[in-house]
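Working notes, structure below.
There are 2 protein chains.
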Amino acid sequence: MIRRKKGLIIVISAPSGAGKTSLCKRLLQTSPLFYYSVSFTTRPPRKNEIEGVDYYFVSREEFQKMIERGEFVEWAEVHGHMYGTSAKLIDEAIKAKKEVVLEVDVKGGTEIKRRYPDSVLIFLLPPSWEELEKRLRNRMTESDKEIKQRLARAKKEVEYAPYYDYLVINDDINKALEKLLAIIEAERCRMKRFPTEELKNFISNE
Amino acid sequence: MIRRKKGLIIVISAPSGAGKTSLCKRLLQTSPLFYYSVSFTTRPPRKNEIEGVDYYFVSREEFQKMIERGEFVEWAEVHGHMYGTSAKLIDEAIKAKKEVVLEVDVKGGTEIKRRYPDSVLIFLLPPSWEELEKRLRNRMTESDKEIKQRLARAKKEVEYAPYYDYLVINDDINKALEKLLAIIEAERCRMKRFPTEELKNFISNE
Chain S
1 MIRRKKGLII VISAPSGAGK TSLCKRLLQT SPLFYYSVSF TTRPPRKNEI EGVDYYFVSR
61 EEFQKMIERG EFVEWAEVHG HMYGTSAKLI DEAIKAKKEV VLEVDVKGGT EIKRRYPDSV
121 LIFLLPPSWE ELEKRLRNRM TESDKEIKQR LARAKKEVEY APYYDYLVIN DDINKALEKL
181 LAIIEAERCR MKRFPTEELK NFISNE
Chain G
1 MIRRKKGLII VISAPSGAGK TSLCKRLLQT SPLFYYSVSF TTRPPRKNEI EGVDYYFVSR
61 EEFQKMIERG EFVEWAEVHG HMYGTSAKLI DEAIKAKKEV VLEVDVKGGT EIKRRYPDSV
121 LIFLLPPSWE ELEKRLRNRM TESDKEIKQR LARAKKEVEY APYYDYLVIN DDINKALEKL
181 LAIIEAERCR MKRFPTEELK NFISNE
C-alpha cells in the first residue's frame, strides 16, 4: 500500500466576523488526528486560561531567545505582548502524521507557506461585506470605533486572499465544515504527498 | 456572493483492473451536475450501443476533418479504429458550469492538461500490484497472453502517475468514491477558480 510521508499543515485565516474560531473548534472535534498548534505568548495568563491548552506562557526573555534560535515559524507583537508559533511543535506533529491546524493572520499564513511550501492555506470569508459588518455589530461587545478598526483591518486581510490555496465561503457553518473536511481529504490524496519511490516499488513488485 | 467562473474538468486515468469504469459510473450517479464526455469513434456501433450515449459514431473522413480543424483535445488509433475527445463539448459543458468527467488513458490525460491547465487529473490505483493482477485474472474473459499484455501496459501507465494531481487508492469502492467527491469539492474551493475582480468587489462594497 502506498502511503503519505507526513501529516498536513492546515492554515486557516479570515477577517474577524468570518466565523473562524467556531469553525476551527468544530473541525478539531471531528477527529483526534487533528492537532491544534498552541501558541507561545508573553502575555500573562487570564483567569481560566490553562498552560499548554490556551497558550504556552513564557517570559519576554525566553521569547526573545526563541526568536534568536529561529524556533518560531511566525511571531508578532500585538498590544505590547508577543505571540509566536513554534516550528518544533509543528515538525513533531507532522512527523507523527497528525494534521496540524493553525489559526493565524494573513501575515503569519504567508510566513508559514514560505517555511512549509506544502502547507494548505485556507481563507474563510462571510458571504458578503454587509454580512461581515452585521456579524461584527451583532457582537455588541465592541464600540463603533473598534468595529471600524476591525473593518479596516478586514479589508487589508482580504487583499491577501489571492495568496491562499482555497477560499471557503462561510454562509452556513455545517456546509463550511464539510468544505474544510473535503479540502483536507483531497490534500491527503495529492500526488506530491506520496513518495515517488513507493510508486516505483509498486510497479517493480510485479 | 463570490462565484466560480466555470465548471471543472475531471480526468480519471488508471491501469485496467483498477476499477475505473465502475467508479466513474458511481460518481456520475451522485449528481446531475456531472457531465460525462462522450467520445467520437470511427468504430461501427455494436448491438445495444446508442449514438450520443456510448459514442458519437462518425466516418473516418469526418474524423479526419475534425482532427484537421483541431476539434479534438486528444485522439488515438486503437486496433484500426479512431477514438477522440471533442474540445467543443468540453467547452460548452464547463461554460454551463457542469463538471466534465473524462475517462482517458495517461497519454490523453497529459494532453488534456496541456490544453486545459486547470483540469484536475486523478490517477486511480488498486492497493497493490498483486491485487491488480488478481483482479485481471478474475475477469476470466481474457487469455494469459492478454493479461500479460495488460500488465505490461499497466506498468507503463503507472510511470505517468507522477504527472497527475491526485492519487486515489481503490481499496474499497465506497471509500474511493468519497475521496473522488472530496477532491471535486476541494477543487471547487481553489482560490485560482474565483475571479480576482470578485474579491476586489467584495471589499469595495464596504
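One line per chain: the protein sequences are S and G, in this order. The end of the first sequence is residue 206 by full-length UniProt numbering, with every number in the run present. The end of the second sequence is residue 206 by full-length UniProt numbering, with every number in the run present. Idealized CB from N, CA, C, for every residue including glycine.
Does any C-beta atom of chain G lie closer than 8 Å to the C-beta of residue i?
| i | result |
| --- | --- |
| S:M82 | no |
| S:D165 | yes |
| S:S31 | no |
| S:F194 | yes |
| residue 232 of chain S | Only positions 1 to 206 of chain S appear in the structure, and residue 232 of chain S is not among them; the question remains open. |
| S:S16 | no |
| S:S128 | yes |
| S:E206 | Low confidence applies to S:E206: its pLDDT is 48, below 50, so where it sits in the model is not reliable enough to give any reading. |
| S:V53 | no |
| S:C189 | yes |
| S:I2 | yes |
| S:A176 | no |
| S:V158 | yes |
| S:L199 | yes |
| S:K98 | no |
| S:P44 | no |
| S:A182 | yes |
| S:K155 | yes |
| S:A161 | yes |
Can you tell me which residues form a DSSP beta bridge with residue i?
| i | result |
| --- | --- |
| S:V11 | S:L102, S:L121 |
| S:W75 | S:G84 |
| G:V168 | G:L124 |
| S:E51 | S:Y55 |
| G:R190 | S:Y166 |
| G:T41 | G:F57, G:Y83 |
Considering only their Cβ atoms, is the gap separating residue j from residue i smaller than 8 Å?
| i | j | result |
| --- | --- | --- |
| residue 228 of chain S | S:I94 | A question about residue 228 of chain S goes unanswered here, because the residues of chain S that appear run from 1 up to 206. |
| G:L132 | G:G17 | yes |
| G:I10 | G:E146 | no |
| G:I183 | S:A186 | yes |
| S:Y36 | S:V120 | no |
| S:Y160 | S:T110 | yes |
| S:G108 | S:E74 | yes |
| G:L181 | G:T30 | yes |
| S:L199 | S:I2 | yes |
| G:L124 | G:G19 | yes |
Closest Cβ-Cβ distance between residue i and chain S: below 8 Å?
| i | result |
| --- | --- |
| G:E77 | no |
| G:F202 | yes |
| G:E185 | yes |
| residue 208 of chain G | Outside the shown range of chain G, which is 1 to 206, sits residue 208 of chain G, and nothing can be said about it. |
| G:I169 | yes |
| G:V106 | no |
> Quick check: the segment 190 to 206 of chain G against the segment 151 to 170 of chain S, are there 3 or more CB pairs under 8 Å?
Replying inline: Output reads yes: the segment 151 to 170 of chain S touches the segment 190 to 206 of chain G.
> Taking three-plus beta-carbon pairs below 8 Å as touching, is the segment 180 to 190 of chain S in contact with the segment 158 to 178 of chain G?
Replying inline: Because the criterion of three Cβ pairs below 8 Å is met, the segment 180 to 190 of chain S and the segment 158 to 178 of chain G touch.
> Got a sec: which bits of the segment 114 to 126 of chain G sit with their beta carbon under 9 Å from any beta carbon on chain S, in order along the chain?
Replying inline: L121, I122, F123, L125
> Within the chosen definition, does the segment 57 to 73 of chain G reach the segment 31 to 46 of chain G through at least 3 CB pairs nearer than 8 Å?
Replying inline: yes
>> So if I threshold CB-CB distances at 7 Å, which residues from the segment 132 to 145 of chain G count as touching chain S?
In response: none
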